[in-house]
Amino acid sequence: MRLEGARVLIVDDEPDLREVFSAWLQQAGCLVFTAANGAEALEVLDAQKIDALVSDIRMPVMDGIALVQAIYERKLVIPSIILVSGFGTLWPLETLGHGVYTLLDKPLRKQDLLLVLQNSLMEANNS
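Just so it is clear: in the sequence shown, position 11 is 10 by numbering that gives the first Met the number 0, and no numbers are missing.
Pasting the structure below:
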């Protein structure tokens with residue numbers, strides 16, 4: 000799957016980052032949804048078919064790890080899950096086998112996010 004037309008959910012408690020990531024993805028032709036935490040993200044996932052999820056790990060209310068676990072427990076199908084952290088986090092063991100494609104460190108560069116997202120969608124489409 001190409002980025003153009005992909006339905007992507009951005010989850011981050013920092014409004015400025017949600018806005019920047021959304022703008023990057025919209026410029027690439029994605030349909031973007033946003034949420035400020037994992038609980039809001041689950042509401043979006045209940046209402047929308049999502050091709051890719053880009054989520055921060057550390058957030059109030061429900062963090063990215065709890066979100067991934069909730070997605071797994073609910074048996075929701077999201078072809079691409081990418082976690083993002085600004086704290087140099089080691090790979091969160093709780094997410095292994097839960098469909099997480101990769102972990103990216105903040106600050107992100109536009110080209111890195113777009114490339115990883117495109118690769119993850121293509122890989123998911125081929126499996």
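Virtual Cβ for every residue (Gly too), placed ideally from N, Cα, C.
All values derive from a computational prediction rather than experimental measurement.
Cβ pair residue i, residue j closer than 8 Å
| i | j | result |
| --- | --- | --- |
| residue 120 | residue 79 | yes |
| residue 83 | residue 52 | no |
| residue 63 | residue 77 | no |
| residue 60 | residue 46 | no |
| residue 57 | residue 33 | no |
| residue 69 | residue 113 | no |
Inter-residue CB distance, residue i and residue j (contact presumed, cutoff 8 Å)
| i | j | result |
| --- | --- | --- |
| residue 75 | residue 44 | 6 Å |
| residue 27 | residue 8 | Their Cβ separation, rounded to whole angstroms, is 15 Å, which puts residue 27 and residue 8 out of contact at 8 Å. |
| residue 102 | residue 115 | At roughly 10 Å, the Cβ-Cβ gap does not stay under 8 Å, so residue 102 and residue 115 are not in contact. |
| residue 6 | residue 48 | 6 Å |
| residue 12 | residue 36 | 6 Å |
Range of the contiguous alpha helix (DSSP H) that encloses residue i
| i | result |
| --- | --- |
| residue 46 | 37-46 |
| residue 122 | 109-125 |
DSSP three-state assignment for residue i, whether helix, strand or coil
| i | result |
| --- | --- |
| residue 104 | strand |
For residue i, the first and last residue of its enclosing beta strand (DSSP E)
| i | result |
| --- | --- |
| residue 8 | 6-10 |
Runs of alpha helix (DSSP H) lying entirely within the stretch 13-83, each at least 4 residues, in chain order: 14-26, 37-46, 63-72
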